[in-house]
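When we follow full-length UniProt numbering, the leftmost residue of the sequence shown carries the number 1, and every step to the right adds one.
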Amino acid sequence: MRDEAEWIALRNRNRDWLRPWEATAPPGTADAPVSFRTFIRKENSMWRARRSFPMVIEKDGRLVGRVTLGRIEWGAERGGSLGYWVSQDEAGHGIAPAAVVLMSEYAFGQGLHRIEVAIRPENSASLSVARKLDLREEGMRQSYLYIDGAWRDHRIFAATSAERRSGEWWTGVSSNVSG
Numbered sequence: 001m002r003d004e005a006e007w008i009a010l011r012n013r014n015r016d017w018l019r020p021w022e023a024t025a026p027p028g029t030a031d032a033p034v035s036f037r038t039f040i041r042k043e044n045s046m047w048r049a050r051r052s053f054p055m056v057i058e059k060d061g062r063l064v065g066r067v068t069l070g071r072i073e074w075g076a077e078r079g080g081s082l083g084y085w086v087s088q089d090e091a092g093h094g095i096a097p098a099a100v101v102l103m104s105e106y107a108f109g110q111g112l113h114r115i116e117v118a119i120r121p122e123n124s125a126s127l128s129v130a131r132k133l134d135l136r137e138e139g140m141r142q143s144y145l146y147i148d149g150a151w152r153d154h155r156i157f158a159a160t161s162a163e164r165r166s167g168e169w170w171t172g173v174s175s176n177v178s179g
């Protein structure tokens, strides 16, 4: 709760930067706005149920983004969908690839087998993250998520715990990022 003011300021500063990439509810189905306290309560509940692993990204003690593994399925699938964003003023400095690696390693360590990342074809920054991490591209999902006023296509990338080559991810990120 102590991060509320910083979180709200970060989101407000990056509203236009994130609009083309963040999923929203289609018209007529929008959820009512929630308070920060309700948002945190829901995130904590999903964490305890092991349905989502939401985390903030910090740099030098400041909030600069978010990485989440959501839509987690256990049982035979043992996978989830990974999403992330970094503030505009921190983009391009290797923070997103590092966050994806750390979240993936955490998820695999918790017993998940597969992570998936959905990226809009126009999102060159996120496509760069997928390339840096050598994520396997699996194809295109047509009209996959409602974003910025329309249903948008997404390229799907994935990695499994068997593919991760422990230790090599971080080395690859360190040698392939700028800043």
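Cβ atoms here follow ideal geometry from the backbone N, Cα and C, with glycine treated the same way.
Since we're looking at a predicted model, the values are computed, not measured.
In the three-state scheme derived from DSSP, where H, G and I count as helix and E and B as strand, Val34 is classed as coil.
With a contact defined as Cβ atoms closer than 8 Å, Tyr146 and Pro33 miss out at about 17 Å. Residue state for Glu138 is assigned as strand, using DSSP reduced to three classes.
Pro97 counts as buried, since at least 16 other C-beta atoms from the protein chains shown sit within 10 angstroms of its C-beta.
Boundaries of the beta strand (DSSP E) harbouring Arg66: Arg62 to Glu73, taken from the DSSP string. For Pro97, the uninterrupted alpha helix (DSSP H) segment begins and ends at Ile95 to Gly109.
Within the same chain, Cβ atoms closer than 6 Å to the Cβ of Ala99 are found at Ile57, Val67 and Tyr84, the five residues on either side in sequence being excluded.
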